[in-house]
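In what follows, a structure is listed as structure tokens, so that the remarks can point back to it.
Residue numbers (the working numbering), protein chains in the order written: chain S, 41 to 433; chain X, 19 to 299; chain G, 18 to 296.
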């Protein structure tokens, strides 16, 4: 559903954010189309929080403009500034920022009553949202009595409950442990992806998410960005250094940072007892060239079953000229398809049976005499294969 | 991070339920100085109790002027605490949140009553709001309203010395409050007033509670500003501290008995409220 | 604060005034802890008298004793006079509690009886001055007060000393004899705070000591001054200031010299200047 004319469509976000805070200077032009999920991906200190604050109305622009749908929210040149309470932007804050003195139900109902809905009616709506988030029984609990994942789902429900014109999620998975993170990523995917389900309603009726609303996900985690977003914008030091679909970014990273994070290998498959049978692009069992048997990855995590997303960091992939001895559970033979020097690292794109990206030092590349077509042995420790439930299916 | 802290807290809860860890016991210098502190505060109470005429106590306490003073003290100190909270919280909010020229001057001004001798404060009130005062004069001429020699004067004098305590405590709490909660309320469509009422105030509730109790206690014990601004007349402006002071001149037993009432009243309420606002862990 | 010894400065009233000297005169509430001299040079050589001399006086007597102490020190350069002025009963309690004291001059000789019974006095007390209570009004007398009978007018703002302190007891005694029932709006715990309110125009009339009106008149400025209308019904009740040296006085030689000095013609003139009568 990504579109090249994002933001110019009705309902989209069109932001030109120029700000100076001390030594830090920000100049970002960002468009998110209605129904699109965009990820803003950047390292710490890149200015992600500043962008959240500016769009939410918590920080006035120094220059530029923010337009959401037909409304101009901030335009210093024209003297326009819409207060945050009038922007209709649902924000999922980092660390949730749930009201500690209110129950989960009251947290979700807060925005509804603030916009004038009667308390009983607001509670009814809020309960529907909690039900959709699998929190139906926990409405009476205070945030402190909820787990991190439960709190995050309350925060999401709170932001979505009052039908925002834009959903802004700041590191929504940031503070969670691995299990909660995986569960919530799936949950988020369901709520962020409804555009694909062809939803045509204007109000976000749980559990069908926010069909025609632009969604901006702020994260430093490439997995979140690549799994959840239609379009990824990379923010470095107050500037957007690259924008594109996850595939585009992975094919042609424009900066060292983009290269580093876009090298992350994501492999879809089906898990069972720590063995992941890798799916091919059609979702059926992969058939390696010339071989009928499916590729199987061994993972240390044996708790996952069913559709999963396996993550392997490019630096976790070891390359050898000879078959290595020792403990790695995943060993197979392949050929190098491309070799790209990227400054501090040399990136090797590996071919069948499993196309992966490996980053090695230029020294190692030289020692191994790797050229396109070179036959190599690949080894990956089982502990380096991280599994997450696949939220896309 | 999350995993780590979760396992630590899990270990804690298991151990502390069973027995004390060394971390729960103070090092000996801390224990010693803490004990000195307790003695310092307990001794006067002991002294008062030792001097108390226990046999004639009820007679003293039942006397008209003691009952009048006690009623007046309770009413005026509670009213003063309410005024202190009503005025102090908005002022604290402005001081904590609004940047303006002269903010430090304003902060110094409103906390002046804390360092100002109460008698001086009372005299200043008299010169400002008395019948011949800068503001009180025109006010009296226009409306006939006279603050001194009335319970309103007592409440005003009490509030004058008590409000700074609310301002300082609440301003500190507001500064420590994570502003993102208010930001979250705003993004959810809450007006600034609604945010203040539904989010800010409940979140600083404990500090506000403590501040109000401390302000009340200060008002209950207030002497100098009250006697200077409102005067001293039994049944009208004579609070318990004033009654003690006057009784000391003639009838020490009565004075000690009234002091005991004051101590009992204060201790009782502070103990009762402590559990509410300082949650025991 | 050199004179603030023996716990005489615990009271916020006095401490406050000492911290804010500007207010001291305006309020005249502080019955102070004032060192009689600032340079405090003590020369023990060649003099029979020396050391510190602790003098405790009734608050109403403080202004004149401060003046007398300076003259006494000039006569006896080796002596440093430390004056504590407060309510007579408060001073009595302090003495009984062991505060250092050489000479005690309360507003009523009865306070000396408790000292005599407990600690002892080295001589019989000597009355050095008397102070009449008078009807006093602000200098402009806006309410048109003319006699003690006006103290019964409810529409006026009337102030008395509390019945528990000497000036209040004397005023009530005198008014009762005159058949007047006053309707006070305040019973001030000491005469100083009563004078403050009267001088500020916050009272229409009050019964204070003659010495108070004399010292306030000396201020000369019309605003903040009070005027004595005398005692308009018969003989005014009087407070008697009796001086005595305590048996356990730390500095008995200087103490006796000081009491003797209070009875000299020079001292009697000073008492008269401050509106007091002398025996």
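From the three backbone atoms N, C-alpha and C, an ideal C-beta is built for every residue, glycine too.
| query | result |
| --- | --- |
| Count Cβ pairs between the stretch 207–217 of chain X and the stretch 119–139 of chain X that sit closer than 8 Å; are there 3 or more? | no |
| Name the residues in the stretch 264–296 of chain X whose C-beta lies less than 9 Å from a C-beta of chain G; which are they? | 264, 265, 266, 267, 268, 269 and 270 |
| Which residues does DSSP pair with residue 53 of chain S in a beta bridge? | S:72 and S:108 |
| Give me the residue from S:134, S:277, S:113 and S:125 with the minimum Cα distance to residue 150 of chain S. | S:125 |
| To be precise: take each residue of the stretch 114–133 of chain G, compare its Cβ to all Cβ atoms of chain X, and keep it if any distance is under 9 Å. Which residues remain? | none |
| For the candidate residues S:345, S:204, S:60 and S:84, whose alpha-carbon lies nearest to that of residue 297 of chain S? | S:84 |
| Could you tell me whether any Cβ in chain X is nearer than 9 Å to the Cβ of residue 243 of chain S? | Only weak support exists for where residue 243 of chain S lies, its pLDDT of 39 falling under 50; the coordinates are left without a value. |
| Quick one: list the residues of chain X neighbouring residue 151 of chain S, beta-carbon separation under 7 Å, in chain order. | 206 and 207 |
| Once the 5 residues before and after residue 405 of chain S are set aside, which same chain residues still bring their CB inside 6 Å of it? | 386 |
| Interface residues of chain X around residue 96 of chain S at Cβ under 9 Å? | 201, 204 and 205 |
| Against chain X, does residue 248 of chain S count as a neighbour if the rule is that its beta carbon must be under 9 Å from one of theirs? | Because residue 248 of chain S carries a pLDDT of 46, less than 50, the predicted location of this residue cannot be relied on, and the following value inherits that uncertainty. Chain X, which has no Cβ nearer than 9 Å to the Cβ of residue 248 of chain S, makes this no. |
| Report yes if the CB atom of residue 178 of chain X is closer than 9 Å to the CB atom of residue 143 of chain X, and no otherwise. | yes |
| At the level of alpha carbons, what is the spacing between residue 308 of chain S and residue 78 of chain S? | 21 Å |
| Just the Cα atoms here: how many angstroms apart are residue 284 of chain X and residue 238 of chain X? | 8 Å |
| Please give me, in chain order, every unbroken run of the alpha helix (DSSP H) with length at least 4 that falls completely inside the stretch 284–318 of chain S. | 286–291 and 296–302 |
| Cβ of residue 349 of chain S less than 9 Å from any chain X Cβ? | no |
| Could you give the residue range of the alpha helix (DSSP H) that holds residue 125 of chain S? | Looking at the DSSP string, residue 125 of chain S is not in any alpha helix (DSSP H), and its letter there is neither H nor E. |
| Could you give the DSSP three-state label for residue 228 of chain G: helix, strand or coil? | helix |
| For the stretch 97–112 of chain X against the stretch 171–189 of chain X, do three or more pairs of beta-carbon atoms, one drawn from each stretch, fall closer than 8 Å, so that the two count as touching? | yes |
| If you draw a straight line from the alpha carbon of residue 80 of chain S to that of residue 74 of chain S, how long is it in whole angstroms? | 16 Å |
| May I have the straight-line CA-CA distance separating residue 140 of chain S from residue 255 of chain X, to the nearest angstrom? | 44 Å |
| Residue 220 of chain X versus chain S: which residues are under 7 Å apart at the beta carbon? | 141 |
| With 9 Å set as the bound, which would you pick, yes or no: does the beta-carbon of residue 93 of chain X sit closer than that to a beta-carbon of chain G? | no |
| Please list the residues of the stretch 60–87 of chain X that have a C-beta atom closer than 7 Å to any C-beta atom in chain G, keeping them in chain order. | none |
| Report yes if the C-beta distance between residue 131 of chain X and residue 249 of chain X is below 9 Å; otherwise report no. | no |
| Mind checking if residue 174 of chain G is an interface residue toward chain X, Cβ cutoff 9 Å exclusive? | yes |
| Cα separation between residue 89 of chain G and residue 179 of chain G? | 34 Å |
| Let me check understanding here. Comparing Cα to Cα, which of S:344, S:158, S:144 and S:161 lies closest to residue 192 of chain S? | S:144 |
| Which whole-angstrom value is the C-beta distance of residue 373 of chain G and residue 183 of chain G, which I expect to be below 8 Å? | No statement about residue 373 of chain G is possible, as the shown extent of chain G runs from 18 to 296 and does not include it. |
| For the beta strand (DSSP E) that residue 205 of chain G lies in, which residues bound it at each end? | 203–205 |
| Rounded C-beta distance between residue 213 of chain G and residue 153 of chain G? I'm assuming under 8 Å. | With a Cβ gap of about 12 Å, residue 213 of chain G and residue 153 of chain G do not count as contacting. |
| Pick out the complete alpha helix (DSSP H) segments inside the stretch 43–92 of chain X, 4 residues or longer, and give them in chain order. | 46–69 and 75–80 |
| Counting C-beta neighbours from all protein chains within 10 Å, is the total for residue 202 of chain G 16 or more, i.e. buried, or is it exposed? | buried |
| Rounded to whole angstroms, what is the Cα-Cα separation between residue 103 of chain G and residue 122 of chain G? | 11 Å |
| Opposite residue 287 of chain X in the DSSP bridges: which residues? | Residue 287 of chain X is not bridged to any residue. |
| Taking 9 Å as the CB-CB limit, is residue 180 of chain S close to chain X? | no |
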